[in-house]
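Student: In order, the protein sequences belong to chains V and U.
Take the first sequence: its letter number 226 is residue 226 in our numbering, and every next letter is one higher.
Just remember that our numbering sits 250 ahead of the position in the second sequence, which is counted from 1.
We put the beta carbon where it would ideally sit given N, CA and C, even for glycine.
Just so we're clear, the structure is a prediction, and the values are computed from it rather than from any experiment.
Number of protein chains: 2
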Amino acid sequence: MRVLGIVGTGLIGASIGLRARHDGTRVLGFDADENAAAAALALGAIDETVERERLYRECDVVVIATPPRATCEELTALRGRAPAWDVLLDVASVKRVVVESATGVGNFVASHPLAGSEGSGPQAARADLFAGRRWAYVPSGDEKLDARLRAFISRMGADAFPCDGARHDRIVAVTSHVPQLAARLAARRIREIGDDYEQYCGPAARELLRLSRSPQALWDEILAENVLEVKAEGTALAQSILAACRRLGN
Amino acid sequence: MRVLGIVGTGLIGASIGLRARHDGTRVLGFDADENAAAAALALGAIDETVERERLYRECDVVVIATPPRATCEELTALRGRAPAWDVLLDVASVKRVVVESATGVGNFVASHPLAGSEGSGPQAARADLFAGRRWAYVPSGDEKLDARLRAFISRMGADAFPCDGARHDRIVAVTSHVPQLAARLAARRIREIGDDYEQYCGPAARELLRLSRSPQALWDEILAENVLEVKAEGTALAQSILAACRRLGN
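1. So is residue 134 (chain V) in contact with chain U if we call contact Cβ pairs under 8 Å?
2. Within its chain, find whatever has a CB closer than 8 Å to the CB of residue 122 (chain V); leave out the 5 residues flanking it on each side and keep chain order.
3. For chain V, is any of its Cβ atoms less than 8 Å away from the one on residue 451 (chain U)?
4. For residue 457 (chain U), return the contacting residues in chain V, with the cut-off set at a CB-CB distance below 7 Å.
5. If you measure from the beta carbon of residue 421 (chain U) to each beta carbon in chain V, is any gap under 8 Å?
6. So that I know if they touch, is there some Cβ in chain U lying closer than 8 Å to that of residue 189 (chain V)?
7. Touching or not, the region 163-172 of chain V and the region 225-233 of chain V, by the rule of three or more beta carbon pairs under 8 Å?
8. Please determine if the region 63-81 of chain V and the region 99-115 of chain V are in contact, where contact requires at least 3 C-beta pairs separated by less than 8 Å.
9. Go to residue 219 (chain V), then tell me how far its alpha helix (DSSP H) extends in each direction, as first and last residue.
10. So which residues on chain U does residue 179 (chain V) lean against when the C-beta distance must stay under 7 Å?
11. Per DSSP, what kind of secondary structure is residue 301 (chain U) in: helix, strand or coil?
12. May I have the straight-line CA-CA distance separating residue 213 (chain V) from residue 110 (chain V), to the nearest angstrom?
13. The region 375-408 of chain U: which residues have C-beta closer than 9 Å to a C-beta of chain V, in chain order?
14. What's the call for residue 51 (chain V), buried or exposed, on a 16-neighbour Cβ count within 10 Å?
15. Sort out for me which residues DSSP pairs residue 135 (chain V) with in a bridge.
16. Please name the residue in U:306, U:414, U:409 whose C-alpha comes closest to that of residue 347 (chain U).
17. Buried or exposed: which applies to residue 466 (chain U), given that a residue is buried once 16 or more other Cβ atoms fall within 10 Å of its Cβ?
18. Grab me the residues of residue 382 (chain U)'s own chain with a C-beta within less than 8 Å of its C-beta, minus the 5 sequence neighbours each way, in chain order.
19. In this structure, how does DSSP classify residue 355 (chain U) when only helix, strand and coil are distinguished?
20. Would you report the Cα separation of residue 136 (chain V) and residue 378 (chain U), rounded to the nearest angstrom?
21. Given this structure, state the Cα-to-Cα distance separating residue 237 (chain V) from residue 380 (chain U), to the nearest angstrom.
22. Kindly indicate if chain V contains any beta-carbon less than 8 Å away from that of residue 348 (chain U).
23. For residue 495 (chain U), decide whether its Cβ has a neighbour in chain V, counting only Cβ atoms nearer than 8 Å.
24. Is the Cβ-Cβ distance between residue 211 (chain V) and residue 436 (chain U) less than 8 Å?
25. When Cβ atoms are compared, which residues of the region 11-37 of chain V fall closer than 8 Å to chain U?
26. What three-state label does DSSP hand residue 271 (chain U) in the structure shown?
27. Taking only beta-carbon atoms, is residue 447 (chain U) less than 8 Å away from chain V?
28. Using a Cβ-Cβ cut-off of 8 Å, state whether residue 220 (chain U) counts as contacting chain V.
29. Closest to residue 336 (chain U) by CA distance: which of U:306, U:322, U:272 is it?
30. Mind checking which residues open and close the alpha helix (DSSP H) that includes residue 402 (chain U)?
31. Go through its chain and collect everything with a Cβ distance to residue 324 (chain U)'s Cβ below 6 Å, but skip five positions before and after it.
32. Taking DSSP as the reference, what is the three-state secondary structure of residue 26 (chain V)?
33. Report the residue from U:433, U:448, U:405 whose alpha carbon sits nearest the alpha carbon of residue 268 (chain U).
34. By how many angstroms is the C-alpha of residue 219 (chain V) removed from the C-alpha of residue 456 (chain U)?
35. Measuring alpha carbon to alpha carbon, tell me which of U:316, U:322, U:253 ends up nearest residue 308 (chain U).
36. First and last residue of the beta strand (DSSP E) that includes residue 86 (chain V)?
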């Protein structure tokens with residue numbers, strides 16, 4: 001990796017930049033939000049803010065680190081273009097729609113680091129965000145390309161594992177998306193019961209409140225992009241809670 | 251506090267014993283399960299295992315640290331007895347049924363430390379389990395008695411706060427009991443999706459799995475003793491999840 005390009009310098013993008021620069025890699029960054037790009041530069045997560053075109057032209061590794069919808073749009077716009085990059089990856093929490101959008105995009109591998117934080121933006125970035133974490137990727141069918149992706153993931157301190165896009169989306173609905181939805185609703189009720197609620201919060205309630213501080217707009221987008229799985233698994237969880245309440249007796 | 255008596259030397263009772271002995275207080279312990287009492291003794295959480303009668307006769311502070319149902323039975327058996335103790339307290343997660351059972355029990359104050367762990371038994375005890383935690387109590391109406399309880403809570407490293415029993419039970423249904431129920435069901439589904447589920451678990455899923463490892467029999471009892479609040483709040487959470495899933499569209 002000579003030059004790394006990061007499209008979207010939020011929490012994930014800036015954390016990748018911090019880690020890569022720590023190892024001596026030169027990092028170029030672009031963000032549609034100029035403030036986010038400037039903050040990433042000020043925080044040392046990138047060496048330079050550049051135009052999108054120059055980033056795709058000059059970097060051998062490019063990471064698209066935007067929310068799911070913007071990721072799909074970015075990939076659609078790259079279709080049919082001759083890749084100047086050796087490997088292009090995304091980091092979105094949903095994989096099926098991303099893989100579909102990437103049809104005809106050269107040297108692309110879809111991926112998803114199982115890491116994050118309730119914080120957002122470059123201010124919340126940490127060079128060790130991926131240390132010891134799992135990082136899923138959807139094998140591209142090109143073993144040399146996949147090997148380059150795995151080398152990048154390894155550089156981030158994470159453990160790469162291959163997954164099927166549809167199965168990924170089902171599993172993260174269960175392990176992440178539905179828990180996030182339920183946590184948001186449970187936390188809302190905790191805050192409703194009165195100003196003294198914090199006195200009654202043990203570790204579990206504090207984790208619920210932490211999760212509920214995650215950026216709501218980003219999560220709304222993730223839930224919407226994984227709507228079928230989230231609806232199915234969310235409905236099943238709600239039904240099992242109702243059944244358990246009925247079994248409790250009176 | 252000259253001599254502390256602990257009835258029930260599980261996670262909470264043994265943690266209280268460890269902390270008290272650390273400060274030089276002599277601690278007598280009783281547990282209906284002789285193995286639990288012996289383990290607490292071996293772990294240094296109590297100085298001596300004694301018969302129940304001797305414990306109530308010789309200790310100036312007595313803690314009933316059994317599950318909710320056994321706590322109510324213990325208190326019922328103490329009704330009308332002339333107290334040899336200066337203060338008697340319980341630590342159960344529900345307060346209304348405990349306060350009712352304690353009618354006619356001398357020098358008693360109902361209380362609940364907002365602390366715990368997914369572990370159980372004296373093996374999981376820690377002297378610092380209550381450090382910096384909140385510890386609720388239902389004022390007895392006897393200010394001198396309440397002051398002795400607050401002094402004890404302070405010795406445990408926790409912050410005492412007064413609460414109403416009915417309001418306590420409603421709030422912990424929201425902050426603790428319903429989250430525990432939902433976590434158990436969500437964790438069951440996570441384990442169902444396949445042997446590879448752990449690869450997909452971020453911090454939120456790991457917290458769910460941790461909560462689901464809490465002792466199920468104890469939790470079944472807590473849920474049953476707070477059944478009205480848990481049913482109402484659990485049903486409301488399930489309905490809000492269903493409504494959110496409907497709003498997600500297709």
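Tutor: Straight from the coordinates:
1. yes
2. 9, 10, 11, 13, 14, 36, 39, 40, 43, 45
3. For residue 451 (chain U), the answer is yes, since a Cβ of chain V falls inside 8 Å of its Cβ.
4. Within 7 Å Cβ-Cβ: 207.
5. yes
6. yes
7. yes
8. Output reads yes: the region 99-115 of chain V touches the region 63-81 of chain V.
9. 216-225
10. 436, 454, 455, 458
11. coil
12. If I take the Cα positions, the gap works out to 27 Å.
13. Listed by position along the chain: 383, 384, 386.
14. exposed
15. The bridge partners DSSP lists for residue 135 (chain V) are V:113, V:160.
16. U:414
17. exposed
18. Residues 407, 408, 409 of the same chain have their beta carbon placed closer than 8 Å to that of residue 382 (chain U), with the five preceding and five following residues left out of the count.
19. Residue 355 (chain U) sits in coil when the DSSP states are folded into three classes, being neither helix nor strand.
20. Taking the straight line joining both Cα atoms gives about 38 Å.
21. In this model, residue 237 (chain V) and residue 380 (chain U) are separated by some 33 Å (Cα to Cα).
22. no
23. yes
24. no
25. none
26. helix
27. yes
28. Shown here, chain U extends from 251 to 500; a query on residue 220 (chain U) therefore has no answer.
29. Considering only U:306, U:322, U:272, the residue with the shortest C-alpha distance to residue 336 (chain U) is U:306.
30. 393-405
31. 314
32. strand
33. U:405
34. 19 Å
35. U:253
36. Element bounds for residue 86 (chain V): n/a, residue is neither H nor E.
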